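Here the sequence shown is numbered in this note's numbering, starting from 31 and rising by one per residue.
The beta-carbon is built from N, C-alpha and C at its ideal position, and this holds for glycine as well.
All values derive from a computational prediction rather than experimental measurement.
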Amino acid sequence: MPGCVFCGIVAGEVPAFRVADEADGVAFLDTRPVFKGHVLVVPRTHMLALTDLPADSLPGYFRFVQRLAVAVETGLGAGGTFVAMNNKVSQSVPHLHTHVVPRTKGDGLRGFFWPRTRYADDAEAQEYADRVAAALPAA
């Protein structure tokens with residue numbers, strides 16, 4: 031989709047800290063993470079919302095999301111993850127995407143208030159992407 035930043039990332043035209051690139055989707059670090067290591071998972075094809083994802087794509091896409099949740103927890107030593115998706119309302123990019131956010135007890139995340147942080151620099155972001163990628167279970 032012309033002008034869609036996530037389509038640009040999928041196509042390799044927009045730089046991103048990629049964690050995984052597979053048939054079922056692409057995963058990369060959020061540039062405005064709730065916590066460092068916050069990953070976005072997108073389907074390769076442009077679509078706006080979960081309701082647009084074809085039924086035959088659901089198992090592969092959500093297995094990919096599930097594997098990323100394991101990788102974020104394992105690779106970052108997190109206590110767990112918060113997995114979420116907005117559909118249309120509150121989507122900062124109008125392309126279906128799933129948030130996989132590392133969580134630790136007492137991290138301060140309450141309800142749906144999402145504070146944002148920043149990486150110190152590109153090297154730190156790449157280190158987080160590499161740690162999650164290294165922990166990604168096999169398909």
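Please name the residue in the options whose C-alpha comes closest to that of residue i.
i, options, result
"A79", "P124, G138 and P132", "P124"
"F112", "L126, E103, V130 and L98", "V130"
"G109", "P132, A169, S122 and L98", "P132"
"E157", "S122, N117, D137 and A46", "A46"
In whole angstroms, what separates the C-alpha of residue i from that of residue j?
i, j, result
"M26", "A165", "Lying outside 31 to 169, the shown extent of the chain, residue 26 is not represented and no answer is given."
"V95", "T128", "7 Å"
"V35", "K135", "33 Å"
"G55", "Y91", "7 Å"
"P84", "H76", "12 Å"
"V40", "P89", "20 Å"
"A155", "M115", "22 Å"
"V119", "D82", "15 Å"
"D151", "K66", "12 Å"
"A99", "G107", "12 Å"
"E103", "G33", "33 Å"
"Y174", "N117", "No information on residue 174 is available, as it lies outside the stretch 31 to 169 that the chain covers here."
"G38", "S122", "15 Å"
"A101", "A57", "11 Å"
"S87", "A159", "25 Å"
Taking Cβ positions, are residue i and residue j nearer each other than 8 Å?
i, j, result
"V72", "L59", "no"
"P167", "R74", "no"
"A169", "E52", "yes"
"A50", "A163", "yes"
"L126", "V64", "no"
"R48", "G105", "no"
"R146", "R62", "yes"
For residue i, list the residues DSSP reports as bridge partners.
i, result
"F112", "V131"
"D51", "V56"
"L70", "F58 and H129"
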